[in-house]
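Here is the structure we will look at.
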Amino acid sequence: MCLRLMLIVMLISVLGACVSTPPPVALRSLSGPELYGRLCASCHGADGLGDGPVAPLIKGGVPDLTRIAARADGGAFPTEDVRRIVDGRSDRRAHGPRDMPVWGWRLHDVSNPDFAAERAQTDSMINRLVRHLQSIQRP
């Protein structure tokens with residue numbers, strides 16, 4: 014029982030850390046490449062090759078984001094799958110723990126009483142980021 018209570022408290026603490034701070038206003042106006050530079054490059058590298066300065070600390074390695082389409086069935090960029098990974102709706106449990114931040118919640122300002130408008134703003138930022146990822150694909 015004590016272990017269960019401790020796990021619940023830890024889960025609440027982790028979730029609170031993810032959603033309690035609104036995203037900096039500056040992020041809202043950034044382009045896809047700028048968002049990538051701020052949010053992704055430290056792990057995935059400036060060019061998306063998986064060679065960022067933090068990459069050596071990630072146990073399972075960091076994927077090369079320039080080869081997403083090449084790894085996909087049929088070679089087409091899987092836009093919705095990528096969106097779901099970036100915003101946190103999809104994780105790859107078979108690959109181990111999720112080391113990548115869930116940007117859907119990190120970019121969403123839960124203090125905004127207009128949930129629909131905030132969701133649209135968050136979706137817009139994620140769309141810009143996903144379009145950038147699509148633009149850096151190579152064979």
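Quick note: the sequence shown uses the working numbering, first residue 14, plus one each step. Cβ coordinates follow ideal geometry from the N, Cα and C atoms, glycine included. Every value quoted in this text rests on a predicted model; they were computed, and no experiment measured them.
Cα atoms of I149 and L78: separation of roughly 8 Å, rounded to the nearest angstrom. If you check the CB distance, L62 and L142 do not come in under 8 Å. Contact check for M138 and R41: beta-carbon distance about 7 Å, within the 8 Å limit, so the pair qualifies.
Secondary structure of I98 (DSSP, three-state): helix. C-alpha of N125 to C-alpha of P152: approximately 42 Å in a straight line.
Excluding sequence positions up to five before and after A85, its CB lies within less than 6 Å of the CB of P91, all in the same chain and listed in chain order. Boundaries of the alpha helix (DSSP H) harbouring D136: F128 to S148, taken from the DSSP string.
If you draw a straight line from the Cα of T135 to the Cα of A39, it is about 13 Å long. W116 is positioned such that its CB atom lies no closer than 8 Å to that of D94. For H121, no alpha helix (DSSP H) encloses it, and the DSSP letter there is neither H nor E.
A direct Cα-Cα distance of roughly 13 Å separates A130 from L120. Distance from I71 to C56 at the Cβ level is roughly 6 Å; contact confirmed, criterion being Cβ atoms closer than 8 Å.
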